[in-house]
Structure formats: structure tokens, C-alpha cells
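Numbering (my numbering), first residue to last: 4 to 113.
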């Protein structure tokens with residue numbers, strides 16, 4: 004996780020359940036993480052339901068681009084790794100680093 008957090012454009016990261024509950028917070032100083040977890044889980048779950056309805060597989064990752072920041076989400080088992088970056092970051096770079104630490108995340112979650 005330190006490699007990912009070491010990217011200068013990464014503001015922080017956290018892991019939440021697909022139910023929207025915070026599991027692990029690596030974004031210190033931000034007070035709305037619980038609300039963001041709920042929002043991320045809701046978006047993911049709606050997309051999953053749509054994919055199931057269309058028989059199109061599962062959501063692996065998604066990006067939310069805002070004016071001041073970008074939110075990158077990767078589904079890993081029953082959890083969602085969320086990385087918040089500065090808006091000018093290349094999301095592909097975040098996903099490359101995140102994929103490299105998925106095993107570490109699974110270890111954290113048991």
C-alpha cells in the first residue's frame with residue numbers, strides 16, 4: 004500500500020466492503036470517508052445489478068472524475084479498494100499500482 008500512497012498525485016486510499024462499511028483507512032485527515040464508502044458501494048452495486056441483468060459479467064473497476072479529484076475503484080473479492088487522486092493523474096497508473104497490491108489487500112482482509 005505504501006507504494007501506491009507514495010505516488011505524489013495520490014491523496015489517499017481506503018478499503019470498504021461492498022455494503023459500504025469502512026474496513027481500512029489510509030486517507031488521514033479526511034472526515035467524510037464513511038459517506039464516500041457508502042456512495043462507492045452504492046455505485047458499484049447498481050452497476051453490478053445492471054451487468055447481471057444484461058448478462059455482461061462483473062464490475063472490476065471504475066473511475067469517477069470530479070473537477071478537483073479523481074476516484075479510482077477496484078473490486079477485490081468482497082471489498083472495494085478506493086484511491087483518491089488529484090484530478091490531473093492518469094487513472095491507468097493508479098490501476099497498475101493497485102493491481103500489484105491486491106494480494107497485500109487480501110492478506111489484510113484475511
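Every residue, glycine too, gets a C-beta built ideally from N, C-alpha and C. No experiment lies behind these values; they were computed from the predicted model shown.
When the Cα atoms are used, what is the spatial distance from residue i to residue j?
i, j, result
"residue 18", "residue 38", "13 angstroms"
"residue 45", "residue 51", "10 angstroms"
"residue 6", "residue 42", "26 angstroms"
"residue 47", "residue 68", "15 angstroms"
"residue 32", "residue 109", "25 angstroms"
"residue 4", "residue 34", "21 angstroms"
"residue 64", "residue 80", "12 angstroms"
"residue 77", "residue 99", "11 angstroms"
"residue 11", "residue 107", "21 angstroms"
"residue 9", "residue 104", "13 angstroms"
"residue 55", "residue 49", "10 angstroms"
Could you tell me which residues DSSP puts in a beta bridge with residue i?
i, result
"residue 74", "67 and 87"
"residue 19", "25 and 83"
"residue 13", "88"
Please check the pair residue i and residue j, which I expect to be a contact at CB under 8 angstroms, by giving their CB distance rounded to whole angstroms.
i, j, result
"residue 40", "residue 57", "Between residue 57 and residue 40 the Cβ distance is about 26 angstroms, and since that is not below 8 angstroms, they are no contact."
"residue 71", "residue 90", "6 angstroms"
Under a Cβ-count criterion, where at least 16 other Cβ atoms within 10 Å of its own Cβ denotes burial, should residue i be classed as buried or exposed?
i, result
"residue 82", "buried"
"residue 62", "buried"
"residue 92", "buried"
Leaving out five residues on either side along the sequence, give the residues of the same chain with a beta carbon under 7 angstroms from the beta carbon of residue i.
i, result
"residue 86", "7, 13, 16, 75, 97 and 101"
"residue 94", "66, 73 and 75"
In chain order, what residues of the same chain lie with their CB nearer than 8 angstroms to the CB of residue i, ignoring the 5 residues before and after it?
i, result
"residue 30", "14, 15, 16, 17, 36 and 87"
"residue 22", "44"
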